[in-house]
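Peer 1: Got a structure for you, written out below as structure tokens; questions coming shortly.
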Amino acid sequence: MRHLEGKRIIVAISGSIAAYKMATTIRLLIKAGAEVRVLMTPAATHFITPLTLSTLSKNPVFSEVISEESWNNHVEMGLWADAMLLAPATANTLAQLANGLCDTIVAAVYLSARCPVFFAPAMDLDMWAHPATQANVKRLIDHGNHLIPVGNGELASGLSGEGRMAEPEDLVGHLHHFFGESQGKPEVQQTMAGKKVLITAGPTHEPIDPVRYIGNRSSGKMGVALALEAAKRGAHVHLILGPSVLNPAAAHLQVTRVDTAREMFKAASGAFEQCDLAIFAAAVADYRPEQTADQKIKKTEDALRLDLVKNPDIAATLEKQKQAHQRLIGFALETQAGEEHARQKLNRKNMDAIVLNTLQDEGAGFQHDTNKVSILTAADNKLRRFELKTKEQVATDILDVAEQWWPVKG
Ligand code: C5P
Numbered sequence: 305m306r307h308l309e310g311k312r313i314i315v316a317i318s319g320s321i322a323a324y325k326m327a328t329t330i331r332l333l334i335k336a337g338a339e340v341r342v343l344m345t346p347a348a349t350h351f352i353t354p355l356t357l358s359t360l361s362k363n364p365v366f367s368e369v370i371s372e373e374s375w376n377n378h379v380e381m382g383l384w385a386d387a388m389l390l391a392p393a394t395a396n397t398l399a400q401l402a403n404g405l406c407d408t409i410v411a412a413v414y415l416s417a418r419c420p421v422f423f424a425p426a427m428d429l430d431m432w433a434h435p436a437t438q439a440n441v442k443r444l445i446d447h448g449n450h451l452i453p454v455g456n457g458e459l460a461s462g463l464s465g466e467g468r469m470a471e472p473e474d475l476v477g478h479l480h481h482f483f484g485e486s487q488g489k490p491e492v493q494q495t496m497a498g499k500k501v502l503i504t505a506g507p508t509h510e511p512i513d514p515v516r517y518i519g520n521r522s523s524g525k526m527g528v529a530l531a532l533e534a535a536k537r538g539a540h541v542h543l544i545l546g547p548s549v550l551n552p553a554a555a556h557l558q559v560t561r562v563d564t565a566r567e568m569f570k571a572a573s574g575a576f577e578q579c580d581l582a583i584f585a586a587a588v589a590d591y592r593p594e595q596t597a598d599q600k601i602k603k604t605e606d607a608l609r610l611d612l613v614k615n616p617d618i619a620a621t622l623e624k625q626k627q628a629h630q631r632l633i634g635f636a637l638e639t640q641a642g643e644e645h646a647r648q649k650l651n652r653k654n655m656d657a658i659v660l661n662t663l664q665d666e667g668a669g670f671q672h673d674t675n676k677v678s679i680l681t682a683a684d685n686k687l688r689r690f691e692l693k694t695k696e697q698v699a700t701d702i703l704d705v706a707e708q709w710w711p712v713k714g
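In this text, residue positions in the sequence shown follow the working numbering: the first is 305, and each later residue adds one.
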């Protein structure tokens, strides 16, 4: 269990009989060298005592945001952790977290946390199978959290079926595996430690009606590769990811899922001021339908006319708020006269670098695992051409160029 050595883990417990398993879980975490802080919902304290858990974790246990003696700083706790383990996660707590409700310390820390969050549901089989619970679980996964699957077996109600919380060894195993994965590769120098990186990635979907949308073929692979590489180099990464099948997770990676260009714009605007480096890798839809029909449009007419309006240009808008210490990288996907267009884009969007890829190169662009890029940098007006490489290697090249700007002086 060496991957957990020195890791800071928040164990958040909600009110289920499975809470008894958390004493063993905490012992295993401590034994593996992790530092543990325990949070409980008020209901959880009926199932296992805070005294037991504070003794095992060697830290005070919090079950209130505000108690008579103190106000517990949920933001500080959220930022402290390398991972948060919510176990057992009851149907009620899942519903709260999936919907952003915040009336317990568990929910407050969850909303403040930038670290990966693992949740292990525990409930009766019918509660687990209910579409409301399943929708909440899906939502939490879409928000970038990691589900630790339920088991099948005897339940506290006496019924038997799906809904049993994973066993302590399994909970700890998930964390161990996660940190192993993100650490198992050759040591990467923490060359971006302390830097905040904002990355937009993936396509956007612009709804026509409840079932149809306008979109593009972007997979999100390039932006996700950049996010994982920057996190590996020690940066705090905020990835704003459009509809993509990818579901990346890593230490120091915060993922916000969005669908439309306007949602992406809002999320990116919220994170922009804080970042040192922004990489606009998303293939944002330039236009959206002016109207979105409430109901599915029937095919009664021979022709259908859609009026489109322009979406906000995220990169071009945020560039106007650029502070002296910030550096910006844009992407340009051109089907013709790439270099010339990239130079124009560099100037027009006031980027520090533009990554140019063309759809003409075999194996480059959307959907592929490989890409062939050229990077044009503003400071020296130099164009560096690279070979066809995996998107992970391309991410390395792009961040190597960006790192030359560090340490960035304001
Ligand atoms: O103008 P064009 O779409 O080719 O510009 C590409 C660059 O601008 C990319 O970095 C892309 O992520 C960004 N962009 C954006 N918002 C848009 C359109 C493009 O951030 N609406």
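By construction, the Cβ of each residue, glycine as well, lies at the ideal position given by its N, Cα and C atoms.
At a cut-off of 6 Å, is A586 close to the ligand C5P when judged by its beta-carbon and the heavy atoms of the ligand?
Peer 2: Position 282 of the sequence shown, counted from the first residue, corresponds to residue 586. Correct: A586 has its Cβ closer than 6 Å to the ligand C5P.
Peer 1: Just to check, is the beta-carbon of A555 closer than 6 Å to a non-hydrogen atom of the ligand C5P?
Peer 2: For the purposes of this step, residue 555 is identified with residue 251 of the sequence shown, where counting begins at 1. For the ligand C5P, not one heavy atom lies less than 6 Å from the Cβ of A555.
Peer 1: I'd like to know whether the C-beta atoms of A348 and I370 end up nearer to each other than 7 Å.
Peer 2: Counting from 1 along the sequence shown, the entry for residue 348 is found at position 44. Counting from 1 along the sequence shown, the entry for residue 370 is found at position 66. No.
Peer 1: Give a yes or no on whether the C-beta atoms belonging to A571 and T564 are separated by under 7 Å.
Peer 2: As a working note, residue 571 is residue 267 in the sequence shown. As a working note, residue 564 is residue 260 in the sequence shown. Result no, Cβ atoms of A571 and T564 do not sit closer than 7 Å.
Peer 1: State whether the stretch 468-479 contacts the stretch 444-458, with contact taken as three or more CB pairs (one from each stretch) at a distance under 8 Å.
Peer 2: Because the criterion of three Cβ pairs below 8 Å is met, the stretch 468-479 and the stretch 444-458 touch.
Peer 1: Between H253 and K499, what straight-line distance do the alpha-carbon atoms span, to the nearest angstrom?
Peer 2: No information on residue 253 is available, as it lies outside the stretch 305 to 714 that the chain covers here.
Peer 1: Find the nearest neighbour of V421 within the set L692, K536 and H478, judged by alpha-carbon distance.
Peer 2: Taking the sequence shown and counting its residues from 1, one reaches residue 421 at position 117. Residue H478 is the option with its Cα nearest to V421.
Peer 1: At a cut-off of 6 Å, would you count A619 as near the ligand C5P, judging by its Cβ distance to the nearest heavy atom?
Peer 2: Taking the sequence shown and counting its residues from 1, the one referred to as residue 619 is at position 315. Yes; taking the cut-off as 6 Å, the Cβ of A619 has a heavy atom of the ligand C5P nearer than that.
Peer 1: Examine the ligand C5P and report whether any of its heavy atoms sits within less than 6 Å of the Cβ of F635.
Peer 2: The residue you call residue 635 lines up with position 331 of the sequence shown. Yes, the ligand C5P has a heavy atom inside 6 Å of this Cβ.
Peer 1: Within the present structure, is the beta-carbon of N615 separated from the nearest heavy atom of the ligand C5P by less than 6 Å?
Peer 2: Your numbering for residue 615 matches position 311 in the sequence shown. Indeed, a heavy atom of the ligand C5P lies less than 6 Å from the Cβ.
Peer 1: Taking the alpha-carbon positions, what's the A587 to S573 distance?
Peer 2: Numbered from its first residue, the sequence shown carries residue 587 at position 283. Numbered from its first residue, the sequence shown carries residue 573 at position 269. The alpha-carbon atoms of A587 and S573 are separated by roughly 17 Å.
Peer 1: Using only alpha-carbon positions, find the residue among V342, P392, A323 and G484 that is nearest to G382.
Peer 2: One-based indexing of the sequence shown puts residue 382 at position 78. Closest option to G382, Cα to Cα, is V342.
Peer 1: Verify whether the separation of the beta carbon atoms of N695 and M568 is less than 7 Å.
Peer 2: In the sequence shown, counting from the first residue as 1, residue 695 sits at position 391. In the sequence shown, counting from the first residue as 1, residue 568 sits at position 264. First, the amino acid is wrong: residue 695 is Lys here, not Asn. Not in contact: K695 and M568 (Cβ atoms no closer than 7 Å).
Peer 1: Suppose the cutoff is 6 Å on Cβ atoms and the five residues either side in sequence are ignored; what does the same chain contact list for G448 look like?
Peer 2: On the sequence shown, position 144 is the one that residue 448 refers to. Here the set comprises V559.
Peer 1: Measuring only the C-alpha atoms, how far is M722 from P392?
Peer 2: Since the first residue shown for the chain is 305 and the last is 714, residue 722 is missing from the structure and cannot be characterised.
Peer 1: Might you give, ordered along the chain, the residues of its own chain that have their beta carbon closer than 7 Å to the beta carbon of K489, omitting 5 neighbours on each side?
Peer 2: In the sequence shown, counting from the first residue as 1, residue 489 sits at position 185. Note that K489 has pLDDT 46, beneath the 50 cutoff, so the model's placement of it is unreliable and the number below is only indicative. Within the same chain, K489 has no close Cβ partners at all.
Peer 1: Could you tell me whether the Cβ of E577 comes closer than 7 Å to any Cβ of chain B?
Peer 2: Absent from the structure: chain B. Only one protein chain is present.
Peer 1: Given a cut-off of 7 Å, decide if L660 and V683 are closer than it, judged by their beta-carbon atoms.
Peer 2: Here residue 683 refers to the residue found at position 379 when the sequence shown is read from its first residue. Here residue 660 refers to the residue found at position 356 when the sequence shown is read from its first residue. Sequence check: residue 683 is Ala here, not Val. No, Cβ-Cβ distance for A683 and L660 is not below 7 Å.
Peer 1: Give a yes or no on contact between the stretch 311-328 and the stretch 347-365, applying the rule of three or more CB pairs nearer than 8 Å.
Peer 2: Contact between the stretch 311-328 and the stretch 347-365 is present, because at least three Cβ pairs lie under 8 Å.
Peer 1: Over the uninterrupted alpha helix (DSSP H) stretch that includes E696, give me the two end residues.
Peer 2: Position 392 of the sequence shown holds residue 696. Element bounds for E696: K695 to E707.
Peer 1: Would you be able to state if there are at least three C-beta pairs under 8 Å between the stretch 615-623 and the stretch 535-542?
Peer 2: Short answer: they don't touch.
Peer 1: Assuming the contact rule is C-beta atoms closer than 8 Å, T495 and E707 should be a hit. Round their C-beta distance to whole Å, please.
Peer 2: By 1-based counting over the sequence shown, the position of residue 495 is 191. By 1-based counting over the sequence shown, the position of residue 707 is 403. About 6 Å separates the two Cβ atoms, so the contact holds.
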